[in-house]
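J.: In the UniProt record's numbering, the protein residues as written are 1 to 224. Every residue gets a Cβ at the ideal spot worked out from N, C-alpha and C, and that includes glycine.
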C-alpha cells in the first residue's frame with residue numbers, strides 16, 4: 001500500500017487560486033485542478049483509480065489544501081504562481097499502525113442518511129438527508145468504529161456545503177452537486193490497523209471527489 005500526502009499553500013494573489021477556492025463552483029473547480037496533477041486519459045473514475053482525496057482547511061499560516069493520493073502527483077502541472085507545495089510518502093506512518101496506539105484524527109465528511117422508500121413517501125423526504133448536530137456525531141462514531149478506531153474524544157463543526165455543477169459524460173445536461181460537510185476532530189485508539197489503513201486510503205462517506213472523506217491521523221504524544 002503506497003500513499004502520498006501533498007500540502008499546498010496557495011497564493012491568494014493568484015487568479016487561479018481565487019477561482020478554485022471561492023464561489024459557488026469552488027468544489028468542482030478544485031477537483032478538476034487537482035485531477036490535472038495525475039496522468040490523463042485514465043478512464044472512468046480516475047479519482048478512485050488514483051486514490052485522490054482532498055480537503056481545504058484553515059491553518060495558523062493561512063488556507064492549505066491537503067491532497068492524498070495513491071499515485072505521486074505531478075506538481076509541475078500547477079499554474080505558475082499557484083503557491084508552494086510539497087509531497088511526502090505516508091507509507092511509514094501507515095506501516096507503524098498497531099492496536100492500542102492513540103491518535104489524533106481529523107475528517108471532513110458528508111454525514112447523511114438514506115431513508116427507505118416508504119419513509120420518504122410518508123414524510124416527503126429526499127433520497128439523501130444531511131445530518132447535523134447530535135445526529136452527525138452519531139454517524140461519525142459509527143464510521144469510526146468501521147474504520148478500526150475507538151474514539152476517546154470527538155468534536156464536530158459544521159462547514160459550508162461543497163457545491164458546484166458538473167456535466168457527466170454522455171449526459172444531456174449539467175448536474176448540480178451539493179454535499180453537506182462536517183469537520184470531526186478528536187483522539188482515538190486503534191482497534192484494527194488494517195481497517196484503518198483501508199479507510200484512510202479509500203476515504204469515508206459521500207462526496208469524495210469534492211473535498212469530503214479524507215481522514216488524516218497523527219500519533220498522540222500522550223495517552224488521551
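Look up residue 83 in the DSSP assignment and give the residues it is bridged to.
T.: Looking at the DSSP assignment, residue 83 forms a beta bridge with 10.
J.: So what's residue 130 in DSSP terms, helix, strand or just coil?
T.: Note: residue 130 maps to strand in three-state DSSP.
J.: Reducing DSSP to helix, strand and coil, say where residue 223 ends up.
T.: Residue placement at residue 223 is flagged as unreliable, the pLDDT there being 49, under the threshold of 50; the coordinate-derived value follows with that caveat. Note: residue 223 maps to coil in three-state DSSP.
J.: For a quick check, are the C-beta atoms of residue 62 and residue 9 less than 8 Å apart?
T.: In contact: residue 62 and residue 9 (Cβ atoms closer than 8 Å).
J.: Taking only three categories from DSSP, how would you classify residue 144?
T.: Helix.
J.: With a CB to CB cut of under 8 Å and the five nearest residues on each side skipped, what residues in its chain are close to residue 72?
T.: Hits under 8 Å: 4 and 87.
J.: Which residue comes first and which comes last in the beta strand (DSSP E) that contains residue 160?
T.: 149 to 166 is the span of the beta strand (DSSP E), which, as asked, contains residue 160.
J.: Measure the beta-carbon distance from residue 156 to residue 178 and round it to whole angstroms, keeping in mind my assumption that it falls under 8 Å.
T.: Actually they are not in contact, since the Cβ atoms of residue 156 and residue 178 sit about 19 Å apart, beyond 8 Å.
J.: Count the other CB atoms within 10 Å of the CB of residue 84; is the residue buried (16 or more) or exposed (fewer)?
T.: Counting Cβ neighbours within 10 Å, residue 84 comes out exposed, since fewer than 16 surround it.
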